[in-house]
Amino acid sequence: MKLLLASNNEGKCREIAAVLAGSDREFLTLRDFPEIPPASEEGASYEENALHKARHYAALTGVAALADDSGLEVDYLGGKPGVRSARFVGETSSYREKNEAVLALLADVPAEKRGARFVCAVAYVDARSDAYLVRAECVGKIAETIRGSHGFGYDPIFIPDGFDRTFGELGADVKNRISHRAQALVKARAFFTNNGTAAVCRIVRTDPADPSPEVTADAASAVLAGRLIAYPTDTLYGLGANALDEASARRVLEAKGRPLGKPISVIAGSVDQARSVARNPDGLWERLSGAFWPGPLTIVVEAADDLPALLTGGTGTIGVRVPDCAVARAISEKAEVPLTATSANRAGDRPAATAAEIVACLGPELSLVLDCGALPASAGSTVVDISSGRLTIIRNGVIAADRIRNVFGGEPVKDVI
Numbered sequence: 003m004k005l006l007l008a009s010n011n012e013g014k015c016r017e018i019a020a021v022l023a024g025s026d027r028e029f030l031t032l033r034d035f036p037e038i039p040p041a042s043e044e045g046a047s048y049e050e051n052a053l054h055k056a057r058h059y060a061a062l063t064g065v066a067a068l069a070d071d072s073g074l075e076v077d078y079l080g081g082k083p084g085v086r087s088a089r090f091v092g093e094t095s096s097y098r099e100k101n102e103a104v105l106a107l108l109a110d111v112p113a114e115k116r117g118a119r120f121v122c123a124v125a126y127v128d129a130r131s132d133a134y135l136v137r138a139e140c141v142g143k144i145a146e147t148i149r150g151s152h153g154f155g156y157d158p159i160f161i162p163d164g165f166d167r168t169f170g171e172l173g174a175d176v177k178n179r180i181s182h183r184a185q186a187l188v189k190a191r192a193f194f195t196n197n198g199t200a201a202v203c204r205i206v207r208t209d210p211a212d213p214s215p216e217v218t219a220d221a222a223s224a225v226l227a228g229r230l231i232a233y234p235t236d237t238l239y240g241l242g243a244n245a246l247d248e249a250s251a252r253r254v255l256e257a258k259g260r261p262l263g264k265p266i267s268v269i270a271g272s273v274d275q276a277r278s279v280a281r282n283p284d285g286l287w288e289r290l291s292g293a294f295w296p297g298p299l300t301i302v303v304e305a306a307d308d309l310p311a312l313l314t315g316g317t318g319t320i321g322v323r324v325p326d327c328a329v330a331r332a333i334s335e336k337a338e339v340p341l342t343a344t345s346a347n348r349a350g351d352r353p354a355a356t357a358a359e360i361v362a363c364l365g366p367e368l369s370l371v372l373d374c375g376a377l378p379a380s381a382g383s384t385v386v387d388i389s390s391g392r393l394t395i396i397r398n399g400v401i402a403a404d405r406i407r408n409v410f411g412g413e414p415v416k417d418v419i
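In terms of my numbering, the sequence shown opens at residue 3 and continues consecutively.
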């Protein structure tokens, strides 16, 4: 089988082929497809660029493609050059000039403040257009001078931890064992040796309005097996797990870096399924769910007795909604359990808008990401609390408060805060 190494960098292609030697693949490079237009590299992350390149070249060549994006991050420079490493100090500057520019910015900076890391994201897109992403790092420091002639890029100024020589001095044998790219490629071997494994994150494109039954069945199976997924809702990408399983709820909190004691809201595939997590759904529930579901309204109610304590955070209440998103509803209905509905990002970070952003922050924790493209910026769902027997709007969101109040027009205003 053929594998396209989607790079014009000959040094990088040699490194990739060396690490993947023995994989029973016939390696092709972009030199074999001179008519193919180049992919853009304007993404905000290594993952986004790698995924875009792999998809671009796989689609245009019909060959499974492997692409990477990598960069040098220097602590003293606030992580620069970072994702723009190849374009640092100008598109046409040589790497000699780039290395000299980094060293000039670190002039007189002591050794203990010259910490740095090489970062690499590798994406693989197979014949079915399914994608896989991994990330790896190599930690070290920046040398005081350019040293060595081996390798390419920033190799002559980077000293990996545990060594006193730069990658430019160490040579290919050592670099191909310990580098950021080597570590990522070792993980990536699973992409095409075992058609992916539970240890890597699979990214599958699907139509948010008409999801593939096969895709939603795969997502449901992952959830029921206790794994985490990322899936689109009508507002944000959600971090999904079996909401009825305490171990799965704990994995959600751990993946997000979120402390215990904070409730996790849930998404249901239908009003009946949503009703199953509530203790005593009443008239307020019926009127709100009837007016706004499916849609971006989360209703906080008394929690059913059998819900995991981690899900409610010890509050005795649960937030639930039926989203206006066919993908989310289909997964929940297929799994026959509600899904956790917290946003797919680390606690305190902004919500992820793309599959690549999700993998960048949560990739190692996920087995599957359902990619429906970039979701538009959203205020999130509006949250109302009816657990006390009266309605309180506790978070403004997509549904305006006036729309909610209008549902209860003519009733005492004290019941609608």
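C-beta atoms are modelled at their ideal positions from N, C-alpha and C, and glycine is treated no differently.
Quantities reported herein were computed from a predicted structural model and do not represent experimental measurements.
Residue interval of the alpha helix (DSSP H) (run including residue i)
i           : result
residue 154 : No alpha helix (DSSP H) contains residue 154, which DSSP labels as neither H nor E.
residue 208 : Residue 208 -> no alpha helix (DSSP H), and no H or E assigned at all.
residue 400 : Element bounds for residue 400: n/a, residue is neither H nor E.
residue 218 : 215 to 226
residue 314 : 311 to 314
residue 357 : 357 to 364
residue 308 : Note, residue 308: premise wrong, no alpha helix (DSSP H); not H, not E.
residue 273 : 273 to 277
Three-state secondary structure (DSSP) of residue i
i           : result
residue 127 : strand
residue 26  : coil
residue 188 : helix
residue 341 : strand
residue 62  : helix
residue 284 : coil
residue 290 : helix
residue 430 : Any property of residue 430 remains undetermined from this structure, which presents the chain solely from 3 to 419.
residue 70  : strand
residue 199 : Annotation note: pLDDT 43 at residue 199 (below 50); position unreliable, no value reported.
residue 370 : strand
residue 327 : coil
residue 178 : helix
residue 408 : helix
residue 170 : helix
residue 18  : helix
residue 263 : coil
residue 43  : coil
residue 13  : helix
Pairwise C-alpha distance: residue j and residue i
i           : j           : result
residue 503 : residue 19  : Here the chain covers residues 3 to 419 and nothing more, so residue 503 does not appear.
residue 90  : residue 78  : 16 Å
residue 177 : residue 36  : 30 Å
residue 399 : residue 383 : 5 Å
residue 310 : residue 81  : 41 Å
residue 46  : residue 326 : 29 Å
residue 198 : residue 189 : Its pLDDT being 45, under 50, residue 198 is placed unreliably in this model, and the value from its coordinates should be taken loosely. Between residue 198 and residue 189, the C-alpha separation is close to 10 Å.
residue 53  : residue 8   : 11 Å
residue 312 : residue 302 : 16 Å
residue 229 : residue 219 : 14 Å
residue 404 : residue 410 : 10 Å
residue 319 : residue 388 : 10 Å
residue 373 : residue 217 : 11 Å
residue 17  : residue 152 : 12 Å
residue 262 : residue 306 : 20 Å
residue 356 : residue 270 : 23 Å
residue 223 : residue 192 : 21 Å
residue 394 : residue 58  : 48 Å
residue 117 : residue 344 : 35 Å
residue 350 : residue 205 : 24 Å
residue 304 : residue 338 : 21 Å
residue 375 : residue 171 : 43 Å
residue 274 : residue 293 : 15 Å
residue 107 : residue 87  : 14 Å
residue 97  : residue 367 : 35 Å
Beta-bridge pairing of residue i - partner residues as DSSP gives them
i           : result
residue 246 : Looking at the DSSP assignment, residue 246 forms no beta bridge with any residue, so it has no partner.
residue 143 : 117, 161
residue 75  : 83, 119
residue 234 : 239
residue 322 : 268, 301
residue 136 : 124
residue 336 : None; residue 336 has no bridge partner.
residue 55  : Residue 55 pairs with nothing; no bridge assigned.
residue 31  : 7
Residue i beta carbon near the ligand SAM (any heavy atom closer than 8 Å)
i           : result
residue 393 : Looking at this structure, you won't find the ligand SAM or any other ligand, since it has none at all.
Terminal residues of the beta strand (DSSP E) in which residue i lies
i           : result
residue 396 : 394 to 397
residue 377 : Where residue 377 is concerned, there is no enclosing beta strand (DSSP E), given that its DSSP letter is neither H nor E.
residue 386 : 384 to 387
CB contact check: residue i to chain D, cutoff 9 Å
i           : result
residue 358 : Of the protein chains in the structure, only one exists, and it is not chain D.
task: Quick one: which unbroken alpha helix (DSSP H) runs of 4-plus residues sit fully inside the segment 77 to 129? Chain order, please.
output: Listed in chain order, the alpha helix (DSSP H) runs fully inside the segment 77 to 129 are 97 to 107, counting runs of at least 4 residues.
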